[in-house]
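Participant: As numbered in our numbering, residues -8 to 580 make up the first sequence, in order.
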Amino acid sequence: MTEHEVRSLIGQVEVAVRDAIDRALPELAGADPVVRRSEHADFQSNAALALAKRARTRPAEVAGAVSEALRASTVTPVAEVTVSGPGFLNLTLTDVSLWQQVAARLASPRLGVGSPEQGRHTVVDYSGPNVAKEMHVGHLRTTIIGDSLVRVLGFLGAEVIRQNHLGDWGTQFGMLIQYLDDHPDATWHHDELTEGISTVSALDNLYRAARAAFDADPAFAERARTRVVALQAGDEDTVARWKEIVAESEFAFREIYHRLGVLLEPEDSDGESFYNFLLPDVVDELTSAGIAVESDGALVVFSEEVTGPDGNPVTLMVRKKDGGYGYDTTDLATIRYRVRDLKADRILYVVDSRQALHFRLIFEAARRAGWLTDGIDAAHVAHGAVLGPDGRPFKTRSGDTVKLMELLDHAVDRARAAIADKAHELTDEDLARIAEQAGIGAVKYADLSTSRIKDYVFDVERMVSFNGNTGVYLQYAHTRICSILRKAAADRATEVDPTLPLHPAERALILELDAFGDTLAEVGRTLEPHRLCGHLYDLAKAFTDFYEACPVLSAAEPVRTNRIALCQLSARTLGQGLNLLGIAAPERM
RNA sequence: GCCCCCGUAGCUCAGCCGGAUAGAGCAAGCGACUUCUAAUCGCUAGGCCGCAGGUUCGAGUCCUGCCGGGGGCGCCA
-8 MTEHEVRSLI GQVEVAVRDA IDRALPELAG ADPVVRRSEH ADFQSNAALA
42 LAKRARTRPA EVAGAVSEAL RASTVTPVAE VTVSGPGFLN LTLTDVSLWQ
92 QVAARLASPR LGVGSPEQGR HTVVDYSGPN VAKEMHVGHL RTTIIGDSLV
142 RVLGFLGAEV IRQNHLGDWG TQFGMLIQYL DDHPDATWHH DELTEGISTV
192 SALDNLYRAA RAAFDADPAF AERARTRVVA LQAGDEDTVA RWKEIVAESE
242 FAFREIYHRL GVLLEPEDSD GESFYNFLLP DVVDELTSAG IAVESDGALV
292 VFSEEVTGPD GNPVTLMVRK KDGGYGYDTT DLATIRYRVR DLKADRILYV
342 VDSRQALHFR LIFEAARRAG WLTDGIDAAH VAHGAVLGPD GRPFKTRSGD
392 TVKLMELLDH AVDRARAAIA DKAHELTDED LARIAEQAGI GAVKYADLST
442 SRIKDYVFDV ERMVSFNGNT GVYLQYAHTR ICSILRKAAA DRATEVDPTL
492 PLHPAERALI LELDAFGDTL AEVGRTLEPH RLCGHLYDLA KAFTDFYEAC
542 PVLSAAEPVR TNRIALCQLS ARTLGQGLNL LGIAAPERM
């Protein structure tokens, strides 16, 4: 238990049942109490069914003995124990214990959530856009999932180090720089562009033009190659121009991150160029350890675990025949740097699932090199693709990649249309702000609420339909609570009277509220934000049921005060949960 | 050839460490605004959980084998 932590009810019940098992069946002491939420009571324990065989008796008998021991204990929150079915223990808690949870969580600055990640140095590698290229739909998932994990792990006490592995190095820059030199009249700086054109889209256009020239004009291609050599040799003018391009791109990335509510800042960027100067040393280390070996003129690492189609080991390309380095080498350098210099004990790569084999090989090599040790958890946090309505990778009608900014604009447009329909005397300014929050939230929630490993179909209309398991449903639930609290003018701390009887809708709501911290811990463990989405959706539904069944403002005291406390805790929990997903929680919609 | 991921309602998806009658939303039908925001709620209808074995008191969940879909396997990143 860490500071401010409030042990969840299910945790308390686990302790109670475990204790009861210890006393009723000493020979089975320490057994898993198998406590779960239940449709038939607040919680149920399924331990008796599993334990019966070990105790060489019938499940009902075990259940009976455990329930007796449970009833004999006076310090548990359990009010009622019944045995049902083949040996399920149905457990109902005292109303007092539920109200006490509300009071305790309300009194905690962090809602009683523990810090199970405390002391961990966790690197999260995510987003990774390419300099001079527009961010597109392919960057959506890594950026959003990665950012949510950063937020959750940070809230759970981890020291999180964000790493944006920019694609800021490579032969393409020779091409681009040469093209800019050949066309000094090209406009691409953010302060000289006309409204509606971003730096990256300007650079993106120039890049396409440069590519076309490279393919069509051998003389240009030759000059571009010379430029690559100049860049790598550190030629002053070329490097200056390169830095200028990177800075302009970072300016544009910052705009999109800001709009998305993503925490990444320029100082989180350690791109390919950052690792470039480390590569020879990484290669030396792997070579002298005998891990990297020569093959067909190149330097490779043969896997000891995976074979390819020809039956030979799969390889990492450490140094190409021409002496150049690819991204295998760069990723070997990242893992060494993150262990040695960033002191990471957990390294998360939030990257498309198609890179699964690549990371398996990287981790294998890093273990053999002694960089990754048993105490360090390196994981490929794989995610699926975003698909179009046809079930193929999401493209525009003309077959181009979908630009992220345009995708967001479209979602916000749809959100604005829906809000304008129902708006309650909103100013234009409020409408614009809320449409932005709802539209962006809808896109992010749709991405986060599905299992990250699976592909999903991008369907704006469903995302902003504002019904069902959507971001806006959660935002709306939050605004309704805020509205009550505004009218109650309940800004000071509320004293909960724990002796009041619970309405069923209050009971269901409190059980959900109480599970928030355990859900977060689960997200920290599984790295699956959709579990938080599911929980918040259940919470919002439980609140809506409460909202329908239990009047707050018109209730007589002392019920009114307790219900206001429930509203306060609901608003804070929902608000915190949305914040950890990186989604705004407006007070009015 | 080998490896990885996926397969649950017409559609889009949940289903936690194996637990009681598999859940939401959309779409379809019916109903509820004098009420703290109806962007909501209630009801109806909809299922060989890809198939077949196995483990288990108990399998959508674990294991094996198939079938179907997607992805990956040396000088691109």
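In this text, a Cβ means the ideal position worked out from N, Cα and C, and glycines have one as well.
Report yes or no: do three or more beta-carbon pairs, one from the segment 448 to 457 and one from the segment 427 to 435, lie closer than 8 Å?
Facilitator: yes
Participant: What residue from 505, 569, 540 has the CA that sits closest to residue 96's CA?
Facilitator: 505
Participant: Around the C-beta of residue 268, are 16 or more other C-beta atoms found within 10 angstroms, so that it is buried, or is it exposed?
Facilitator: exposed
Participant: Quick one: residues in its chain with C-beta nearer than 8 Å to the C-beta of residue 493, no 5 flanking neighbours on either side, listed in chain order?
Facilitator: 86, 89, 90, 501
Participant: Where does residue 56 fall in DSSP's three states?
Facilitator: Residue state for residue 56 is assigned as helix, using DSSP reduced to three classes.
Participant: Between which two residues does the alpha helix (DSSP H) carrying residue 308 extend?
Facilitator: It is not in any alpha helix (DSSP H) - residue 308 instead sits in the beta strand (DSSP E) that spans 304 to 310.
Participant: Suppose the cutoff is 7 Å on Cβ atoms and the five residues either side in sequence are ignored; what does the same chain contact list for residue 122 look like?
Facilitator: 157, 158, 159, 236, 237, 240, listed in sequence order.
Participant: Any idea if residue 220 is buried or exposed, counting beta-carbon neighbours within 10 angstroms, 16 or more meaning buried?
Facilitator: By the Cβ neighbour-count rule, residue 220 is exposed, with fewer than 16 other Cβ atoms within 10 Å of its own.
Participant: Report, in whole angstroms, the separation of the C-beta atoms of residue 485 and residue 559, which I expect to be a contact under 8 Å.
Facilitator: That pair is a contact at about 6 Å.
Participant: With 16 as the cutoff for other CB atoms within 10 Å, does residue 290 come out buried or exposed?
Facilitator: buried
Participant: Can you give me the start and stop residues for the beta strand (DSSP E) that residue 342 sits inside?
Facilitator: 337 to 343
Participant: For residue 152, write down the residues that DSSP places opposite it in a beta bridge.
Facilitator: 114
Participant: Can residue -4 and residue 508 be called in contact, C-beta distance under 9 Å?
Facilitator: Contact: yes.
Participant: Take the Cβ of residue 345 as the centre, count every other Cβ of all protein chains shown within 10 Å, and call the residue buried at 16 or more, exposed below.
Facilitator: exposed
Participant: Measuring CB atoms only, is the segment 281 to 297 touching the segment 162 to 176, in the sense that at least three cross pairs come out at less than 8 Å?
Facilitator: no
Participant: Work out the CA separation of residue 84 and residue 256 for me, nearest whole Å.
Facilitator: 47 Å
Participant: How big is the Cα-Cα spacing for residue 258 and residue 191?
Facilitator: Going from the Cα of residue 258 to the Cα of residue 191 covers about 19 Å.
Participant: Quick check on residue 177: does DSSP put it in helix, strand or coil?
Facilitator: coil
Participant: Nearest by alpha-carbon distance to residue 179: which of 242, 135, 148 is it?
Facilitator: For residue 179, the nearest C-alpha among the options comes from 242.
Participant: My assumption, with CB atoms under 8 Å, is that residue 541 sits in contact with residue 468. Please give the rounded CB distance.
Facilitator: Actually they do not touch by this definition, with Cβ atoms about 15 Å apart.
Participant: Reducing DSSP to helix, strand and coil, say where residue 119 ends up.
Facilitator: The answer is coil: DSSP assigns residue 119 none of H, G, I, E or B.
Participant: So, do the segment -1 to 13 and the segment 23 to 31 have three or more beta carbon pairs nearer to each other than 8 Å?
Facilitator: yes
Participant: Could you give the residue range of the beta strand (DSSP E) that holds residue 539?
Facilitator: Residue 539 -> not in any beta strand (DSSP E); alpha helix (DSSP H) instead, spanning 521 to 540.
Participant: So is residue 517 buried or exposed if we call it buried at 16+ other beta carbons inside 10 Å?
Facilitator: By the 10 Å Cβ count, residue 517 comes out exposed.
Participant: Indicate whether the contact test is met: 3 or more Cβ pairs, each with one atom in the segment 30 to 47 and one in the segment 67 to 82, closer than 8 Å.
Facilitator: yes
Participant: With C-beta atoms as the reference, is residue 144 less than 9 Å away from residue 438?
Facilitator: no
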